[in-house]
Ligand SMILES: Nc1nc2c(ncn2[C@@H]2O[C@H](COP(=O)(O)OP(=O)(O)O)[C@@H](O)[C@H]2O)c(=O)[nH]1
Ligand SMILES: [Mg+2]
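Residue numbers (this note's numbering): 31 to 224.
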């Protein structure tokens, strides 16, 4: 699938502001700083579309982007230690509402290929199975590993997430690894009826 000119739609902080459209919805989720916004920019061929940051935990909003054939939601990251209890509760209720009520055709679950999945990643997987949300696990920042470490790390992460090793994708926003595979998964998911 070719992406021609993705654009920002809006940011929302409340469930009642969720973006409604007749286009299929795809979402990206993962811990703060894992590379969600960078991955979105890679898919869009536009480094300036989603704001990326070296400081984790800045995005407390859902950012929606139009990718033409589909809408992509950049979900607020989890696992950032320095947020208040109130903020955590707000995040949890926003995420729960989103996962429970939005018709998500595909969710891209990002982890860092250099690290074991976190407790929050495992919790997210549980939610995804519970709400029967189609997802692909993607391990990003693959450019930070020597080539020989990519497959072993990918398989170790798959095993810890409890997903099929063959379904796990490696990605890198720095060198474009995984872009075609992710877009192919999106295309397949958005064309499966309803
Ligand atoms: N080397 C490398 N750095 C990355 C990659 N993806 C993200 N980063 C860096 O990781 C930091 C966090 O990225 P960002 O996309 O803002 O993460 P988010 O909080 O999940 O949206 C930024 O400094 C990015 O430049 C990648 O694939 N490779
Ligand atoms: Mg971000």
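Using N, Cα and C, we set each Cβ at its ideal position, and we do this for glycine too.
Express the C-alpha separation of residue j and residue i in angstroms, rounding to a whole number.
i, j, result
"residue 163", "residue 36", "24 Å"
"residue 32", "residue 103", "18 Å"
"residue 215", "residue 178", "25 Å"
"residue 61", "residue 112", "13 Å"
"residue 189", "residue 195", "7 Å"
"residue 174", "residue 142", "10 Å"
"residue 70", "residue 80", "7 Å"
"residue 123", "residue 47", "14 Å"
"residue 134", "residue 182", "30 Å"
"residue 92", "residue 100", "16 Å"
"residue 172", "residue 151", "18 Å"
"residue 105", "residue 197", "22 Å"
"residue 64", "residue 130", "24 Å"
"residue 169", "residue 192", "14 Å"
"residue 121", "residue 34", "32 Å"
"residue 139", "residue 58", "6 Å"
"residue 185", "residue 145", "12 Å"
Which partner residues of residue i appear in the DSSP bridge assignment?
i, result
"residue 40", "94"
"residue 142", "170"
"residue 28", "This structure leaves residue 28 out entirely; the chain is present only between 31 and 224."
"residue 216", "According to DSSP, which records beta bridges pairwise, residue 216 is partnered with nothing at all."
"residue 165", "137"
"residue 69", "DSSP lists no partner for residue 69."
"residue 60", "140"
Which of the three DSSP states is assigned to residue i in this structure?
i, result
"residue 158", "helix"
"residue 186", "helix"
"residue 193", "coil"
"residue 80", "coil"
"residue 115", "helix"
"residue 201", "coil"
"residue 175", "coil"
"residue 30", "Residue 30 lies beyond the stretch modelled for the chain, which goes from 31 to 224, so this question has no answer here."
Nearer than 7 Å: is that true of the beta carbon of residue i relative to any heavy atom of ligand 1?
i, result
"residue 84", "yes"
"residue 190", "no"
"residue 194", "no"
"residue 206", "no"
"residue 93", "no"
"residue 60", "yes"
"residue 171", "yes"
"residue 174", "yes"
"residue 64", "yes"
Consider the C-beta atom of residue i and the heavy atoms of ligand 2; say whether any pair is separated by less than 7 Å.
i, result
"residue 80", "yes"
"residue 67", "yes"
"residue 104", "yes"
With a threshold of 8 Å between beta carbons, is residue i in contact with chain C?
i, result
"residue 95", "Protein chains in the displayed structure number just one, and chain C is not present."
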